[in-house]
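**Q**
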Amino acid sequence: MSNQYELFSMVPILRAAEQSALGGKPAAIGAFNVNFYNQARGILEGLRRADAPGIIQASRGANQFQGGPDKIQVMILQAMEDSGHSLPVALHLDHGNEEQAPICVDEGFSSVMIDASVLDLEGNIALSRKICDYAHPKGVSVEGEIGKLAGVEEDVIHETTTYGDPFLVPYFFNESGADALAVAYGTSHGPNKGSQGGLENLAVWVIEKSYKGMVAYGQNENHFLVSHGSSTVPKEIVDEINKYGGNVRGAAGIPMHKIQEAVKVGIRKINIDTDLRLGITATFRKYFSDNPGVEDTSTNVLKPIKYELDSKLEAIDPRDYLKVIDASLLRTDPKGTALEEVMGLVQERIAAHVEKLVHDFGCAGLAGKVDRVSLSEQAKSYI
Ligand code: G3H
Ligand code: 13P
Ligand code: ZN
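Now the structure itself:
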């Protein structure tokens, strides 16, 4: 039985996308990173407008920012309750490690990633298996990773991309027990994807071969491929940041038609963080420009935020300018506070972008196609 605001494993959610693809309509589910309450509300609102299932994910950095995974879990359920969001949603740990993944399982996340891609294959499989052994009895899904994305992956930096080996994909699923797998194919994290094969140079063949192997081994209805570093980095948002005092240079994202190509050949989960960061930053900058002196007339919580933005022109990560205020203010509905107006704009900005993205990913209208299996029922599927 399910109550209205439960969180789901990624498995039934991603399966709805796979079934859509098998029925001739390629689809992938959007997985959106979250750091604060109105970001979550914006994501949920975008999903609701598109009638889409979705994945909300928190990185280790996000958990730290909000004071722990328990705080994030409560924040997401609160956001769902406040917006009456009853469409299927998973709460996922993004780029988890050996320490954080079990903690997130214990704290009520419905999915975790174990990113052991810096280890050799056997080490990666062994650690991913260990996390599956911990998560699956609670019905919590697990995502692994093979290959290396260029640029920053949480606290690891890689100079260049190392593609995941497609021929290892069925083996990795089989040996590790993972439900989903990020296979590096030329995308990268952050707003500067152009120089490392973002743009037109994606190795979509890596995904195609990986997926074909999964189909050959009959894995594709329970196992799913993930595209990290997939933000589109819309030029108009970057221009807006720069127009209102920011300094974001060399920005380039993955063109939507390349993402759609990858979805056509097997991607079922698409990770988006940077696009939301950019939208949030543009909104804050424009708000301060449109409302001169607002930081002086309101209670002074806006003042240190503006100071940070004025002195960190390159900043696109909202945590860089929001960390100056008490994190608990960013964990609840800001109604009646100095943050209410700007956070309302942030929320709408995110909602509009998420709605557009999930339409483009092909998962609009799939909410009703998700089999709403509870985590305890999901746990039985692993026995
Ligand atoms: O891994 C990349 C995601 O964008 C998460 O970023 O670790 O800075 O929160 P973060
Ligand atoms: P972007 O930086 O392209 O948004 O990628 C996000 C991501 O992969 C999170 O894990
Ligand atoms: Zn990632």
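Residue numbers (this note's numbering): 537 to 919.
The C-beta atom is built at its ideal place from N, Cα and C for all residues, glycine as well.
1) Output the boundary residues of the beta strand (DSSP E) element that contains Asp630.
2) Is Lys729 close to chain C, meaning its C-beta is less than 8 Å from at least one C-beta of that chain?
3) Below 8 Å on the Cβ atoms is my contact criterion, and I expect Val769 with Thr810 to pass it. Report the Cβ-Cβ distance as a whole number of Å.
4) On the criterion of 16 or more Cβ atoms from any shown chain inside 10 Å, does Gly733 qualify as buried, or is it exposed?
5) Locate the alpha helix (DSSP H) running through Phe709, then write down its first and last residues.
6) For a test of the three-state rule: what should DSSP assign to Ala851, helix, strand or coil?
7) Beta-carbon within less than 7 Å of Val742's beta-carbon, same chain only, minus the 5 sequence neighbours each way: which residues are those?
8) To which residues of the same chain is Glu542 closer than 6 Å at the C-beta, ignoring the five residues directly before and after it?
9) Kindly identify the DSSP beta-bridge partner or partners of Ile565.
10) State yes or no: is the C-beta of Asp896 nearer than 7 Å to some heavy atom of ligand 2?
11) For Glu679, count neighbouring Cβ atoms within 10 angstroms of its own Cβ and tell me buried if that reaches 16, exposed if not.
12) Just to confirm, does Ser767 get its C-beta within under 7 Å of one of the non-hydrogen atoms of ligand 2?
13) Tell me which residue opens and which closes the beta strand (DSSP E) that His793 is part of.
14) Please confirm whether any heavy atom of ligand 3 lies closer than 7 Å to the CB of Asn807.
15) Determine the extent of the alpha helix (DSSP H) in which Ser664 is found, giving its start and end residues.
16) For Ala851, collect the residues of the same chain with a Cβ closer than 8 Å to its Cβ; drop the 5 residues on either side in sequence, then sort them by chain order.
17) When the distance is taken between beta carbons, is Gly578 closer than 8 Å to Val882?
18) With H, G and I counted as helix, E and B as strand and the rest as coil, what does DSSP make of Gln518?
19) Identify the continuous alpha helix (DSSP H) that holds His694 and give its terminal residues.
20) Hey, how far is the Cα of Gly603 from the Cα of Ala798?
21) Tell me Leu866's beta-bridge partners as DSSP assigns them.
22) Determine contact between the stretch 586-603 and the stretch 829-838, defined as no fewer than three beta-carbon pairs at a distance below 8 Å.
23) Taking the continuous beta strand (DSSP E) assigned at Ala718, which residues delimit it?
24) Any heavy atom of ligand 2 closer than 7 Å to the beta-carbon of Gly726?
25) DSSP on Leu838, reduced to helix/strand/coil?
26) Can the beta-carbon of Leu902 be found closer than 8 Å to that of Ala552?
27) Can His631 be considered in contact with ligand 3, in the sense that its beta carbon sits closer than 7 Å to one or more heavy atoms?
28) From Pro589 to Leu583, what distance separates their C-alpha atoms?
29) Here's a check: name, in chain order, each residue in its chain whose Cβ is nearer than 8 Å to the Cβ of Leu738, leaving out the five neighbours to either side.
30) Rounding to the nearest angstrom, what Cα-Cα distance links Ile693 and Ala686 in this structure?
**A** In this structure, then:
1) Per DSSP, Asp630 is one residue of the beta strand (DSSP E) stretching across 625-632.
2) Of the chains in the structure shown, none is chain C; there is only one protein chain.
3) The C-beta distance from Val769 to Thr810 rounds to 6 Å, short enough to fall under 8 Å.
4) Low confidence applies here, because Gly733 scores a pLDDT of 48, under 50, leaving its location unreliable and the question unanswered by this model.
5) Start and end: 705-712.
6) Looking at Ala851 - three-state DSSP - the assignment turns out to be coil, as it is neither helix nor strand.
7) Within its own chain, the residues whose Cβ lies closer than 7 Å to the Cβ of Val742, once the five positions on either side in sequence are excluded, are Tyr699, Gly700, Pro702, Val719, Tyr721, listed in chain order.
8) A distance below 6 Å between beta-carbons, with the five flanking residues on each side excluded, links Glu542 to no residue of its chain.
9) Checking the DSSP bridge columns, you'll see Ile565 partnered with Lys805.
10) In this structure, the C-beta of Asp896 stays at least 7 Å away from each heavy atom of ligand 2.
11) Glu679 is buried by the Cβ-count criterion.
12) Under cutoff, so the answer is yes.
13) Segment 792-800 is the alpha helix (DSSP H) holding His793; no beta strand (DSSP E) there.
14) Inclusion of Asn807 in the 7 Å shell around ligand 3 follows from its C-beta lying nearer than that to a non-hydrogen atom of the ligand.
15) That run of the alpha helix (DSSP H) goes 657-671.
16) Close CB contacts of Ala851 within its chain, under the 8 Å cut and outside five residues either way in sequence, are with Gly782, Thr817, Glu844, Leu845, Tyr857 (chain order).
17) Result yes, Cβ atoms of Val882 and Gly578 sit closer than 8 Å.
18) The requested residue 518 does not occur in the structure, where the chain is confined to residues 537 to 919.
19) Element bounds for His694: not the alpha helix (DSSP H) but the beta strand (DSSP E), 692-694.
20) Approximately 36 Å between the Cα atoms of the pair.
21) Within the DSSP secondary-structure output, Leu866 pairs in no beta bridge.
22) Three or more beta-carbon pairs separated by less than 8 Å are not found between the stretch 586-603 and the stretch 829-838, which leaves the two stretches without contact.
23) Taken as a continuous stretch (DSSP letters only), the beta strand (DSSP E) holding Ala718 covers 716-719.
24) Yes, the Cβ of Gly726 comes within 7 Å of a heavy atom of ligand 2.
25) Leu838 sits in a helix when the DSSP states are folded into three classes.
26) Yes; because the gap between Cβ atoms is below 8 Å, this pair is in contact.
27) Taking the Cβ of His631 as the reference point, at least one heavy atom of ligand 3 falls within a distance shorter than 7 Å.
28) Rounded to the nearest angstrom, the two C-alpha atoms are 7 Å apart.
29) Counting only Cβ-Cβ distances below 8 Å, and skipping sequence neighbours, we find Tyr721, Gly722, Thr723, Ile790, Lys794, Glu797, Ala798.
30) Ile693 and Ala686: Cα-Cα distance of roughly 7 Å.
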